[in-house]
Amino acid sequence: MDGHLVADFTSDNPQLTLLKLGHVEVVGTAVNNGQGMQSLAGRPRMVSAYITAALADNSRRAYQGDLQDFLLWGGQVPCSPEMLAQYIAERAGVHSPHTITRRVVGISRAHTSKGLADPAKNDLVRVVLRGVRKAHGKPQRQVVPLLREDLFAILPLMHGTKGIRDRALILLGFAAALRRSELVALDVQDLEFVKEGLVVHLRKSKCDQESEGRKIAIPWGRTSACPVKAVQLWLDHAQISSGAAFPSVNKSGVTGDRLTAQSVALIVKTYAHAAGLPARNFSGHSLRAGLATSAVQAGASILKIKEQTGHKSDAMLYRYVRAGNQFVDNAAGLVL
Numbered sequence: 041m042d043g044h045l046v047a048d049f050t051s052d053n054p055q056l057t058l059l060k061l062g063h064v065e066v067v068g069t070a071v072n073n074g075q076g077m078q079s080l081a082g083r084p085r086m087v088s089a090y091i092t093a094a095l096a097d098n099s100r101r102a103y104q105g106d107l108q109d110f111l112l113w114g115g116q117v118p119c120s121p122e123m124l125a126q127y128i129a130e131r132a133g134v135h136s137p138h139t140i141t142r143r144v145v146g147i148s149r150a151h152t153s154k155g156l157a158d159p160a161k162n163d164l165v166r167v168v169l170r171g172v173r174k175a176h177g178k179p180q181r182q183v184v185p186l187l188r189e190d191l192f193a194i195l196p197l198m199h200g201t202k203g204i205r206d207r208a209l210i211l212l213g214f215a216a217a218l219r220r221s222e223l224v225a226l227d228v229q230d231l232e233f234v235k236e237g238l239v240v241h242l243r244k245s246k247c248d249q250e251s252e253g254r255k256i257a258i259p260w261g262r263t264s265a266c267p268v269k270a271v272q273l274w275l276d277h278a279q280i281s282s283g284a285a286f287p288s289v290n291k292s293g294v295t296g297d298r299l300t301a302q303s304v305a306l307i308v309k310t311y312a313h314a315a316g317l318p319a320r321n322f323s324g325h326s327l328r329a330g331l332a333t334s335a336v337q338a339g340a341s342i343l344k345i346k347e348q349t350g351h352k353s354d355a356m357l358y359r360y361v362r363a364g365n366q367f368v369d370n371a372a373g374l375v376l
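Residue numbering for the sequence shown follows our numbering, starting at 41 and increasing by one per position.
As structure tokens, this is what we get:
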């Protein structure tokens, strides 16, 4: 298999055991030019380390899984546009167009990260992918926002140490419009209490691939649902001064172990169900969507909402805007 990488997950060859995005080695180089590989020893690892750092952890894991699926199917790197088009066609009835598109991106990155020709840019691949979207496409499922009234419905249901933590977690996630991964990644040191309220120092996020960081201001609340007071109460109650801001809690108390992103979704769903809301429609992202939509309904400007959510583009943000003001100045309402 000169010049190709096959799905050998058991080999002790370090060139093959590094089978993941940014670490794909072209086996033919080692076979055809052994001296060349020796002279470059260690350099592929140096390059791949920075390729790895360029991607967020979740993105890297997703791309690794996508590449693995392609290799297990019988694909190889590098591959021809015809092979990639065949892979897309055979996966079309099994996976959603969204999943297939993401996998093509992963395969594309496996090529471009090594300076190889990108088969995904070929017209054949683009046409086949477009056909799959048209034939199997479905409306994208929108995240159901946890609105302000929903928030006030679930807050009274939180009791005990776990309830104090959950209250702080949900209110902060809502007020700062955080993604679930950002919420559980927070350390106590990332929370700065100031005279005006709280400043959340977001060290890294999905849209901040360069790790520039971002500061999110949370003012003192005007109601009993004050996120600043809730966070203060939680940190004082749990006596946490460092490490994860939202660790897990068991019967013995605070464990110190960081919550997982999936835990946030489960917490939201649990309280939604207890409040009589359709729990299956909510997710961890409902907190972020809830702030954006509720802010629109409260009359906040797009600029101010964008400052809080950190959206780089307006496209995704306008989904929340449309959901929040679809009945405001509605054309049918003005006529009928």
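Note that CB positions come from ideal geometry on N, CA and C, so glycine has one too.
Note that the structure is a prediction, hence the values are computed from the model and not measured.
Would L187 and S288 qualify as a contact pair, given that the criterion is a beta-carbon distance under 7 Å? Taking 7 Å as the Cβ cut-off, L187 and S288 do not qualify as a contacting pair.
Selected residue, minimal CA-CA separation from Y127, among L299, K154 and P159: Nearest C-alpha to Y127: P159.
Looking at the secondary structure, which residues open and close the alpha helix (DSSP H) in which K309 lies? Per DSSP, the continuous alpha helix (DSSP H) segment holding K309 begins and ends at A301 to A314.
If you reduce the DSSP assignment to three classes, tell me which class V336 lands in. Here V336 sits in helix by DSSP.
Between which two residues does the beta strand (DSSP E) containing H241 stretch? Secondary structure note for H241: its beta strand (DSSP E) is the uninterrupted segment G237 to L242.
Helix, strand or coil at E232 [DSSP, three-state]: Residue state, collapsed to three classes: strand.
When DSSP labels each residue in this structure, what does P318 get in the three-state scheme? In this structure, P318 counts as coil in the three-state DSSP scheme.
Tell me whether the region 139-158 and the region 98-113 touch, counting them as touching only if at least three CB pairs, one residue from each stretch, are closer than 8 Å. As far as the Cβ criterion goes, the region 139-158 touches the region 98-113, which means the pair count is three or higher.
Going by C-alpha to C-alpha distance, which of G237, D230 and A257 sits closest to K244? Of G237, D230 and A257, the residue nearest in Cα terms is D230.
Rounded C-alpha distance that separates L327 from I210: For L327 and I210, the distance between alpha carbons rounds to 7 Å.
What does DSSP give as the partner residues of R205 in its beta bridges? Answer by DSSP bridge pairing: none, since R205 is not bridged.
Using a Cβ-Cβ distance cut-off of 7 Å, determine whether Q126 contacts chain B. In the displayed structure, chain B is absent; only one protein chain is listed.
Roughly how many angstroms lie between the CA atoms of M77 and A157, to the nearest whole one? Here the model assigns M77 a pLDDT of 42, short of 50, so the residue's position is not dependable, and the following value carries that caveat. Distance from the CA atom of M77 to the CA atom of A157, rounded to whole angstroms, is 21 Å.
Going by DSSP, name the residue or residues bridged to V289. Partner(s): V294.
Can you tell me where the beta strand (DSSP E) with R254 in it begins and where it stops? The continuous beta strand (DSSP E) containing R254 extends over residues R254 to P259.
Would you say V132 and L226 are within 7 Å of each other, going by their C-beta atoms? A small fix is needed here, since residue 132 is Ala in this sequence, not Val. Cβ atoms of A132 and L226: not closer than 7 Å.
With 16 other Cβ atoms within 10 Å as the buried cut-off, status of H199: H199 is exposed by the Cβ-count criterion.
If you reduce the DSSP assignment to three classes, tell me which class A284 lands in. Strand, per DSSP.
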